[in-house]
Structure formats: structure tokens, C-alpha cells
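Engineer: The structure's right below; bear with me while I get my questions together.
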Amino acid sequence: MTVQKKSALQFLLFTLLIDFIGFGIIIPVVPNLLKGMLQGNLSTAAVYGGLLSFTYAITQFFCAPIIGGLSDKFGRRPVLLASLFGLGIDYAFLALAPNVFWLFVGRIIAGITGASYGVAGAIIADISPPEKRSQNLGLVGMAFGMGFIIGPIIGGLFSEFGPRAPFWVASSLSLLNWVYGYFVLPETLLEENRRKFNWVMANPFGSVVAFFRYPGPLSGLVLSLFLIFVANHCMETSWSYFTMNKFQWTATKIGFSLAVVGASLAVVQGGLLRIIIPKLGQKNSAYLGIFARVVMSALFAFAWEEWMLYALLVPFSFCFIATPAIQGYISNHVSPTQQGEFQGIMGSMMSLSSILGPLLMSFVFSYFTREGMQPYFPGAPFIVSSFLAILSLAIAIISFRKEKLRVGEKAGE
């Protein structure tokens with residue numbers, strides 16, 4: 003990459019790091035905030051936590067393709083900056099919320115503007131040659147991992163000042179990040195690659211249907227990714243409730259455990275990914291990542307000692323190899339003029355998974371931990387995650403085999 007492109011990537015990764023730190027800060031404290039507002043138990047709080055995630059996701063589902071289309075017309079920079087500003091306002095809203103209703107209002111605000119991940123993917127596609135896209139998408143995962151090292155620790159520590167204090171910290175970081183991005187984030191979309199905004203493609207249902215008309219194995223791989231995204235929500239939605247229920251962990255302990263996840267993820271996606279994908283190829287890297295999720299999720303479900311959770315958290319990070327491997331493969335088969343559209347569609351798929359995932363995982367947890375339940379099984383969401391990963395692996399294998407046959411047919415023409 004040129005010096006300018008390297009600078010753009012560095013600015014983007016730092017911006018995303020601050021973004022992810024803010025996200026990680028609030029995870030350990032949401033269960034206690036909800037318990038206090040609802041005056042209920044963890045099972046009840048888990049249901050409302052899932053509904054909050056559902057509200058955010060369904061709002062973003064409708065907004066993500068619009069954001070992606072706008073970034074193709076007006077450029078990545080203004081769209082990303084608007085997203086960062088909206089996130090800062092959202093955290094302030096959550097900090098001030100007097101009851102659960104206002105938490106839902108805050109999540110709607112975040113859903114409208116929270117498209118930074120999709121725009122970030124488009125920026126990486128703008129500045130990366132095809133052979134480097136998977137590795138550079140992995141750097142986004144590294145930023146996410148670093149955010150999960152720092153964010154949950156800050157959240158756990160500031161929770162000692164009350165469940166609302168971490169939200170103020172997250173809001174401050176997001177707004178400072180917005181100011182930082184205003185001065186240093188360059189525009190990466192070339193004028194010749196811009197296109198008119200298309201309301202038909204901005205329809206989330208229309209955009210997803212259109213994407214499934216793409217040639218080759220792309221539609222199957224998107225479905226495989228969708229199942230991975232749903233499976234991911236087991237950790238995001240259930241981890242705090244699972245560890246509080248089974249091992250009586252505090253917000254501080256949860257924060258430190260998520261920091262271990264973040265550290266492992268940063269090492270894998272920031273370093274090992276650059277070795278694994280060129281060595282194994284995108285297909286085998288995807289297989290490795292999905293298989294790791296099948297195994298690790300099942301082992302989490304049946305862990306009976308705290309030390310087992312920590313022992314599993316490090317190899318669990320290999321699950322996240324699959325996403326950049328598959329996304330990089332798909333991105334290489336999409337034209338430069340459609341990268342923003344593609345990332346918007348991927349944002350819709352992630353949002354759709356975020357609609358289903360938190361509801362599924364939170365209700366499974368609530369069902370198997372309700373009073374008098376037999377069997378009483380807090381680890382049930384991890385079994386669901388493992389099953390979804392098995393389906394994802396099967397679909398990925400079929401899709402890549404179809405691509406091999408398609409390439410073979412073309413070679414014989």
C-alpha cells in the first residue's frame with residue numbers, strides 16, 4: 003500500500019479501537035443496571051437485555067444499507083463521523099435514562115447511526131489490494147480485540163462508582179473519537195468509484211434479495227456468515243448472565259474475563275491471521291474458524307470450574323478467523339463500485355443476525371434458568387451456538403465445493 007493508504011488504515015484502526023473500547027465498557031454493567039431498574043433477577047434482566055439488543059439491531063437492519071449507499075455517494079468520511087457522533091450521544095442517553103423505556107430510546111439512536119463497522123469495511127476495501135483484504139479485515143478484528151482488553155476492564159473498574167458511571171466514560175471516549183476523526187480521517191473513496199444513491203438497494207429486504215442473485219458460491223457463504231453472526235451472540239448476550247449465574251462473578255470479574263478474550267483475539271487477528279490465511283488459504287481458514295466455534299462453545303456449556311473458562315478463552319479466539327476469511331473472499335468477487343453497497347448488505351445481515359441472536363440466546367438462557375426448571379442449565383445458549391456453527395460449516399463446505407466446480411467448468415470452456 004502507498005503511504006497515504008497506510009495512514010488511512012492506521013487512522014481507521016485507531017478510530018475503531020476507541021469505538022470498541024466504548025462498546026466494551028458497558029457490557030459488564032448492563033445486567034446490574036437492568037436488575038436495579040426492574041427490581042428483578044438475572045433471568046428477567048437477560049430477557050430485557052436481549053430486547054434492548056433486538057431494538058438496536060432491527061433499527062440498524064433498516065438503516066445499514068442506507069448508510070452503505072450514502073457512503074458510496076458522498077464518501078466514507080462524513081458517514082463514519084456521523085456514526086461516531088451518534089454513538090457518543092447514545093451512551094449519554096443511557097447514562098441519564100431514568101427507566102427502561104429510555105434505554106430503548108437510546109438503543110434506537112445508536113441503531114440509526116451505528117454503522118461504523120460497515121463503513122470501516124468499505125474503507126478497507128477501498129485501500130486494500132485483493133490479496134490483502136482478508137488480512138486487513140482481520141486488523142479490524144484486532145482493534146475489536148484490543149477494545150475488549152481495555153473496555154471491559156474500564157467498565158468493571160468504573161462500575162464501583164455505580165452502574166451508570168461507565169456509560170459516561172464511554173460517551174466521552176466516543177465524542178473525543180469523533181473530534182479526532184474529524185481532523186485526521188481521510189476520504190478513501192475515489193470520485194470515479196462513486197455512484198448514485200439507489201433507494202431500491204437501500205431497502206434492506208431488497209438488498210439482501212439482490213445479493214442472493216450474485217453468481218457462484220457467494221449467496222451460500224453469506225448464509226454461512228449469517229449463522230456465524232447469530233452464533234457470536236451467545237458470547238455477547240449470555241456471557242455476563244452465564245458467569246453471574248453459575249459462578250457468581252462480579253462486573254469486575256466479567257470485565258477481566260472479556261479482556262482475556264480481547265487479548266487473545268488481538269493476537270490472532272492482528273498477528274496470526276496474517277500467517278494463517280496466506281498459509282492455509284481463505285477456504286481452509288474459514289473451516290478452521292468455524293470448527294473451533296463448534297468445539298469451544300460446547301466446552302463452555304459444560305465447564306464446571308472457573309479456571310476452565312479462562313483455559314478455554316484463549317483457544318476460543320480462533321473462532322474469529324472464519325469471518326475475515328469469508329468476508330475477504332466475498333469482497334474479492336465484488337466490483338470496486340459496489341463495495342459500499344456490499345458492506346451495507348453485510349451490515350444488514352449482521353443486523354438481521356443481531357435481531358435473532360440476542361432474542362434467541364437470552365430466551366434460551368431465561369428458559370433454562372427459571373425457577374424450578376429441570377434440567378437447570380445456564381450453559382444452554384452455548385449448545386445452541388455450537389449447533390449453529392455446525393450448520394455454518396456444512397454450508398461453507400458445500401459453497402466452496404460449488405466454486406471449485408464452477409472454476410473447473412470455466413477452465414474447460
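For what it's worth, the working numbering labels the leading residue of the sequence shown as 3, then goes sequentially.
Ideal Cβ placement from N, Cα and C applies to all residues, glycine included.
Predicted model only: the values in this text are computed from it and were never measured.
Using beta-carbon positions only, say whether L395 and Y289 come within less than 8 angstroms of one another.
Structural biologist: A contact, by the Cβ cut-off of 8 angstroms.
Engineer: Tell me which residues share the same chain as G366 and place their Cβ nearer than 6 angstroms to its Cβ, disregarding the 5 neighbours each side in the sequence.
Structural biologist: Strictly speaking, residue 366 in this sequence is Val, with Gly absent from that position. Closer than 6 angstroms at Cβ, skipping near neighbours: A382, P383 and V386.
Engineer: Whole angstroms are fine: how far does the CA of G71 sit from the CA of A16?
Structural biologist: At residue 16 the sequence reads Phe, which differs from the Ala that was named. The alpha-carbon atoms of F16 and G71 are separated by roughly 24 angstroms.
Engineer: Do you know how far the Cα of P33 is from the Cα of E162?
Structural biologist: Between E162 and P33, the C-alpha separation is close to 14 angstroms.
Engineer: Please look up how many angstroms separate the CB atoms of I357 and F56, rounded, as I've assumed it's under 8 angstroms.
Structural biologist: The Cβ separation is near 6 angstroms, so the contact holds.
Engineer: Helix, strand or coil for G164, going by three-state DSSP, please let me know.
Structural biologist: Of the three classes helix, strand and coil, the one that applies to G164 here is coil, per DSSP.
Engineer: Ignore the nearest five residues each way along the sequence and tell me which others in M148's own chain have a CB closer than 6 angstroms to its CB.
Structural biologist: So the list reads L19 and A268, once near-sequence residues are dropped.
Engineer: Just how far apart, CA to CA, sit F22 and K248?
Structural biologist: Whole-angstrom Cα-Cα distance: 27 angstroms.
Engineer: Assuming V263 and L315 are in contact, meaning their beta carbons sit under 8 angstroms apart, how far apart are those beta carbons, in whole angstroms?
Structural biologist: The Cβ separation is near 5 angstroms, so the contact holds.
Engineer: What residues in its chain sit with their C-beta under 6 angstroms from that of S287, if we drop five residues either side in the sequence?
Structural biologist: Closer than 6 angstroms at the Cβ level, and outside the excluded window around S287, lie I278, I279, I323 and A327.
Engineer: Where does P67 fall in DSSP's three states?
Structural biologist: In this structure, P67 counts as helix in the three-state DSSP scheme.
Engineer: If I114 sits next to G77, beta carbons under 8 angstroms apart, how far is it from one beta carbon to the other, in whole angstroms?
Structural biologist: That belief does not hold up - the Cβ atoms of I114 and G77 are roughly 19 angstroms apart, past 8 angstroms.
Engineer: Between the region 48-68 and the region 234-247, can you find at least three pairs of beta-carbon atoms closer than 8 angstroms?
Structural biologist: Yes, they touch.
Engineer: Could you tell me the distance, in whole angstroms, from the CA atom of V186 to the CA atom of L274?
Structural biologist: Between V186 and L274, the C-alpha separation is close to 29 angstroms.
Engineer: Within its chain, find whatever has a CB closer than 7 angstroms to the CB of L175; leave out the 5 residues flanking it on each side and keep chain order.
Structural biologist: Answer for L175: I20, I23 and G24, listed in chain order.
Engineer: Does any residue of chain C bring its CB to less than 8 angstroms from the CB of S401?
Structural biologist: The displayed structure is made up of one protein chain only, and chain C is not part of it.
Engineer: Where do the N-terminal and C-terminal ends of the alpha helix (DSSP H) with M246 fall, by residue?
Structural biologist: Looking at the DSSP string, the run of the alpha helix (DSSP H) that includes M246 is W241 to F249.
Engineer: Let me check understanding here. Comparing Cα to Cα, which of N334, C321, T254 and S364 lies closest to G158?
Structural biologist: Nearest of N334, C321, T254 and S364 to G158, Cα basis: T254.
Engineer: Judging by CA-CA distance, which residue of A303, S85, I60 and A294 is the nearest neighbour of Y184?
Structural biologist: The shortest Cα separation from Y184 among A303, S85, I60 and A294 belongs to S85.
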